Structure formats: structure tokens, C-alpha cells
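Reviewing the structure listed below.
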Amino acid sequence: MDFRFIEVSFFVALASTFLIYFFSSSGGLTSRSIDMQVQGETGIKMNQSPEKFSPSYAFYASILYLIGSVIATFFMYKDYFL
């Protein structure tokens, strides 16, 4: 498989942004699922924590990389898009 960097940079940026968001947030779907599992096994009601996301420098950098890769992909393939 012969890929150029620009062809996969958008997908790498999108995946890294999603992964950083997923592992930086708390109180989301995964936390609620674990709370419900513990509640079902122990019978003790778990307090629901609100979903909270605190962006880090890595998240901001991945967003900038995503924007840059979209712009670079558009300019690289502008004949195809237009």
C-alpha cells in the first residue's frame, strides 16, 4: 500500500482528536455504564457525576492539526473538490 502523508493526515488527526477527547472527559457513557454495573452487583445507588471535559494542550494541538490537515488536503486535491 502506497500512501502519501497528506492522504492519511486527516484521518490520523481525526482519530487522535477523538481519542484525546475520550480519555480526557469524565462522567460520560463509559462512567455511567460502570456505575450501573456496580449498582446492579452491590445494590448501592451510585451518585451520577455530570459529564465534564477539561481540554488540555494536547487536545488544542490535535484540533489545530486537524484544521491544518483539512486545509492541506483541500489545497492538495482542490481540482477534485471543485
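Just so we're aligned, residue 1 is where the sequence shown starts under the numbering used here, counting upward by one.
Yeah, the Cβ is synthetic: ideal placement off N, Cα and C, and Gly gets one too.
Quick caveat, the model's predicted, so the values are computed rather than measured.
Residues sharing a beta bridge with residue i, DSSP
{"i": "F18", "result": "The partner list for F18 (beta bridge, DSSP) is empty, contrary to what the question assumes."}
{"i": "S62", "result": "DSSP, once it has assigned bridges, lists no residue as partnering S62."}
Contact under 8 Å by Cβ, residue i with residue j
{"i": "S16", "j": "S54", "result": "no"}
{"i": "S24", "j": "E51", "result": "no"}
For residue i, the three-state DSSP class (helix, strand or coil)
{"i": "S24", "result": "helix"}
{"i": "K52", "result": "strand"}
{"i": "F3", "result": "coil"}
{"i": "I34", "result": "helix"}
{"i": "Y77", "result": "coil"}
Residue from the options whose Cα sits closest to the Cα of residue i
{"i": "A58", "options": "L19, F3, T42, F10", "result": "L19"}
{"i": "F10", "options": "V70, T42, K78, Q48", "result": "V70"}
> Can at least three beta-carbon pairs, one atom from the segment 59-76 and one from the segment 30-39, be found at a separation below 8 Å?
Replying inline: no
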